[in-house]
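Residue numbers (the numbering used here): 1264 to 1468.
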Amino acid sequence: MKCIFLCGMGQRAKSWKAAAEHVPRQCFFPEIWENAGSPAVYDKIYSDFCRYAESFDEELILCGLSLGGIIAMQYCIENPCKVKGLVLAGVQHTMPKALLAFQNAVFSVLPQKVFDGTGFKKADFISLTKSMRDLTFKKELSKINCPALVLSGERDRANIKACKETAELIKGAEFRVIEGAGHEINTQSPQKTGEALKDFVLQIV
């Protein structure tokens, strides 16, 4: 059984590697921005991931942060027989339109150099965020029937409430808070995040 790690917006695939070192399974880190196109839109990124996931013959454990978590969540809902375990970190089950609008306002005034190294242009960040405004999976979370772990950074004030609610809506899901971390738990607290991942994976395999 293999684990696939999906990064958040603005991260690169390697952002998960330090935390994933604790996982006793073969791990893969797809670069979800590679073929996003320009302007970038969510549906294209999600479709590309679906093709990537289908290249594996066996069941998968999916682990995603933020945008990566949304992709993992949707894939699990639509492909229940393919997913053996699901880890969602810093996720919203329904996109917060006001927060997305605020993010885009901030993006619009930042210079391009701020986005260098992310694999994305500023215009693509704005386009992608706009394309996600109407996403909601709240009513479909009850369809998830595999073991699930929902993680949130202790200091991730924008998402911790939604993470807890997401865990409550997924039958049997566990909710854990990563102490001292903000939104990007995979880079801000890879040791504690990795330990939580290890505990989860050992329970389901």
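From the three backbone atoms N, C-alpha and C, an ideal C-beta is built for every residue, glycine too.
- With fewer than 16 other CB atoms across the displayed protein chains lying within 10 angstroms of its CB, V1468 is exposed.
- F1388: member of the alpha helix (DSSP H) spanning K1385 to S1394, first to last residue.
- Taken through DSSP and simplified to helix, strand or coil, R1314 comes out as helix.
- Across the set I1333, A1361, Q1337 and A1386, the C-alpha of I1333 shows the shortest separation from the C-alpha of C1270.
- In this structure, the beta-carbon distance from P1343 to K1277 does not fall below 8 Å.
- Annotation for G1353: G1271, L1328, S1329, G1332, L1414, S1415, G1416, D1419, N1422, C1426, H1446, E1447 and I1448 place their beta carbon closer than 8 Å to its own, counting only its chain and skipping 5 residues before and after.
- Closest in alpha carbon position to K1461, among C1266, K1265, H1285 and A1281, is H1285.
- Three or more Cβ pairs closer than 8 Å define a contact, and the region 1431 to 1438 meets that threshold against the region 1388 to 1408.
- Burial state of L1349 is buried, judged by a 10 Å Cβ sphere holding 16 or more other Cβ atoms.
- A distance of 8 Å or more separates the beta carbons of P1287 and Y1315.
- Collapsing the DSSP output to three states places K1347 in a strand.
- Counting C-beta pairs with one atom in each stretch, the region 1301 to 1311 and the region 1377 to 1395 have three or more that are closer than 8 Å, which means they touch.
- Looking at K1345, H1356 and K1376, the one whose alpha-carbon comes closest to that of G1273 is K1376.
- When secondary structure is reduced to three states using DSSP, F1319 falls in the coil class, being assigned neither helix nor strand.
- In the DSSP assignment, A1436 falls outside any beta strand (DSSP E) and carries neither an H nor an E.
- Here R1439 is buried, its C-beta having at least 16 other C-beta atoms within 10 Å.
- Look at Q1289 here: in three-state DSSP terms it is strand.
- I1324 and C1290 have their C-alpha atoms some 9 Å from each other.
- Excluding sequence positions up to five before and after T1381, its CB lies within less than 6 Å of the CB of G1273, all in the same chain and listed in chain order.
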